[in-house]
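Protein chains in written order, with UniProt numbering: chain A, 1 to 225; chain B, 1 to 225.
In what follows, a structure is listed as structure tokens, so that the remarks can point back to it.
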DNA sequence: GCGCCGTAGACTGTAGGCGAAAACCAATTC
DNA sequence: GAATTGGTTTTCGCCTACAGTCTACGGCGC
């Protein structure tokens, strides 16, 4: 029992604290990288970024450190940070791992999900389908991410979610051109997945998710030609 | 063709460069944490560590950042770094993920390994068995890690190896008391695994590795009682 | 005696500065 | 004309200093 004031929640403006500067710098840089504003291979100069963001070099350094450990930039000693250049081989390996993690998440979701969670999935799926019907690609992509995140949440494994989150973001970075094209079929597969989860059918959920992510991988390889 | 001097390789001492200070601080702190010199929940004061290591606060900060993203320490805003306290739930989730990653690695190793790689595995396994026979627990533990790392290497998936490496280290941190006890049976399972890989039997390799890691998980839960 | 407030201490978060290593470019020599 | 070498510039790595914030403790009022 935290407060004794009797105030209902939400009445207090919750005075927003900006939070550590390095985190905001991290978010900003990640945004710039994923949106291709900073292109792969580009040399990121600390002082430039600092001046551009209106902060000192220190928060920029710490943000670059984090981006380095998460694989977004390569930090060559005594040279600085360079936006990571994805290779075809690495993209393929990332997709393999993603398939693995997402399939496991689907299995755990099928095992653990409650009716409320399944309802949430169906809600997201319905929104996604209508977005596709309205040719709203951006909304469809966003809802796709939220759907996968929800499945991951229902799996109830925080460690798995953490890893999958990182892998997913990088996969989306590599495949944004591809992912935008495959809208309609993706959502019918989502429907099947939700049905399997609702049936508590772990095997089927795993298989569908595996097939689903493998399908995106196929599309990538077709694109290369 | 690099040199035109005609000097044979190895004659030059290759004067070792200390490398970035932050990396060495990172290694030192990781060592201190895994060896329990720094206990879970302990408050890590930057200036103390800096003074103790004979460096400034800056490299310490960057090392702590990295340790934070990798889950070794928790970084509470405006309070500092605290050694991460593992919970039973988290340990279980980590083991689930580890099982997943190692099993996939075994499958890929079975699919891709060459005869040289298999020979290396058998060599490591033989060394491990003799270490167990000699009751050299430390050597057995080290060889166990090297064997798993070798399987991961043979899998030929750098992304998978990266994730598995982090998960494995943390699992070993949680389970060091347990892992030391289960020596003998572990190595018979390793033998079976290598046989399956040598036979290029992906299914069997996956199953054995899954069973193998699940077995350690069981031992953990038994230990709690 | 109990609880609240104010103050002091400590630590983190951020900024700026100095030395050093690497890259770049031009001049020089073979 | 090509390779090398020397100097110059840019940038990083690290240190030091200052401001903001959280915690803890002692005094004060009730």
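Ideal Cβ positions, reconstructed from N, Cα and C, are used throughout, including at glycine.
The structure displayed is predicted, hence computed values, not measured ones.
Run down chain A in chain order and give the residues with a C-beta less than 7 Å from the C-beta of residue i.
i                     : result
residue 104 (chain B) : 100
In chain order, what residues of the same chain have a beta carbon less than 6 Å from the beta carbon of residue i, not counting five sequence neighbours either side?
i                     : result
residue 7 (chain A)   : Since pLDDT at residue 7 (chain A) reaches only 47, below the 50 mark, its modelled position is unreliable, and no value is offered.
residue 161 (chain A) : 152
residue 2 (chain B)   : The pLDDT assigned to residue 2 (chain B) is 40, lower than 50, so where the model puts this residue is not dependable, and the model offers no usable value.
residue 217 (chain A) : 95
residue 15 (chain A)  : Any reading at residue 15 (chain A) needs caution, since the residue's pLDDT is 47, under 50, leaving its predicted position unreliable; the model's value is listed next. Answer for residue 15 (chain A): no residue qualifies.
residue 212 (chain A) : 189
residue 35 (chain A)  : none
Could you list which residues in chain B have their beta carbon closer than 7 Å to that of residue i, in chain order?
i                     : result
residue 176 (chain A) : Under the 7 Å cutoff, chain B gives no residues; its nearest Cβ is about 19 Å from residue 176 (chain A).
residue 163 (chain A) : 97 and 163
Closer than 9 Å by beta-carbon distance: list the chain A residues that pair up with residue i, in chain order.
i                    : result
residue 69 (chain B) : 65, 66, 69 and 70
In terms of alpha-carbon separation, which member of the options lies closest to residue i?
i                     : options                     : result
residue 63 (chain A)  : A:87, A:128 and A:33        : A:33
residue 219 (chain A) : A:190, A:174 and A:200      : A:174
residue 201 (chain A) : A:41, A:19, A:47 and A:106  : A:106
residue 40 (chain A)  : A:46, A:48, A:47 and A:30   : A:30
residue 104 (chain A) : B:96, B:191 and B:167       : B:96
residue 111 (chain B) : B:135, B:185 and B:195      : B:195
residue 126 (chain A) : A:143, A:43 and A:116       : A:143
residue 228 (chain B) : B:113, B:108, B:44 and B:91 : A query on residue 228 (chain B) cannot be resolved here, the shown segment of chain B reaching from 1 to 225 and no further.
residue 119 (chain B) : B:154, B:91, B:140 and B:93 : B:154
residue 90 (chain A)  : B:156, B:136 and B:93       : B:156
residue 221 (chain A) : A:177, A:187 and A:185      : A:177
residue 149 (chain B) : B:48, B:42, B:28 and B:168  : B:168
residue 52 (chain A)  : A:164, A:42 and A:28        : A:28
residue 19 (chain B)  : A:42, A:158 and A:77        : A:77
Residues in the same chain with beta-carbon distance under 7 Å from residue i, minus the five sequence neighbours each way, listed in chain order, please.
i                     : result
residue 50 (chain B)  : 56, 57 and 60
residue 71 (chain A)  : 84 and 170
residue 66 (chain A)  : 26
residue 146 (chain B) : 124
residue 21 (chain A)  : 55 and 59
residue 214 (chain B) : 99
residue 140 (chain A) : 128, 131, 132 and 183
residue 122 (chain A) : 194
residue 164 (chain A) : 101, 102, 105 and 152
residue 116 (chain B) : none
For residue i, decide whether its Cβ has a neighbour in chain A, counting only Cβ atoms nearer than 8 Å.
i                     : result
residue 19 (chain B)  : yes
residue 14 (chain B)  : Note that residue 14 (chain B) scores a pLDDT of 48, beneath 50, so its modelled location is shaky; the value from the coordinates is reported in the next line. With 8 Å as the cut-off, residue 14 (chain B) does not count as an interface residue toward chain A.
residue 226 (chain B) : Chain B is shown from 1 up to 225; residue 226 (chain B) falls before or after that span and cannot be answered.
residue 97 (chain B)  : yes
residue 90 (chain B)  : yes
residue 154 (chain B) : no
For residue i, decide whether its Cβ has a neighbour in chain B, counting only Cβ atoms nearer than 8 Å.
i                     : result
residue 93 (chain A)  : yes
residue 220 (chain A) : no
residue 59 (chain A)  : no
residue 53 (chain A)  : no
residue 207 (chain A) : no
residue 6 (chain A)   : Its pLDDT being 46, under 50, residue 6 (chain A) is placed unreliably in this model, and the value from its coordinates should be taken loosely. Residue 6 (chain A) does not count as touching chain B.
Among the residues of its own chain, which have a CB less than 8 Å from the CB of residue i, if the five just before and after it don't count?
i                     : result
residue 68 (chain A)  : 74, 75 and 81
residue 192 (chain B) : 208
residue 46 (chain A)  : 57, 60, 61, 64, 80 and 81
residue 166 (chain B) : 70 and 71
Cβ closer than 8 Å: which chain A residues qualify as neighbours of residue i?
i                     : result
residue 159 (chain B) : 90, 93, 94, 96, 97 and 167
Give the residues of chain B in contact with residue i, contact being defined as C-beta atoms less than 8 Å apart.
i                    : result
residue 77 (chain A) : 19 and 20
Which chain B residues are close to residue i, counting only those with a beta carbon under 9 Å from its beta carbon?
i                    : result
residue 62 (chain A) : 61, 62 and 65
- prompt: Is there contact here, the region 194 to 206 of chain B with the region 80 to 89 of chain B, by at least three beta-carbon pairs under 8 Å?
  reply: no
- Query: Are the region 99 to 106 of chain B and the region 125 to 141 of chain B touching, with three or more C-beta to C-beta distances below 8 Å?
  - Reply: With the cut-off at 8 Å, the region 99 to 106 of chain B and the region 125 to 141 of chain B do not touch.
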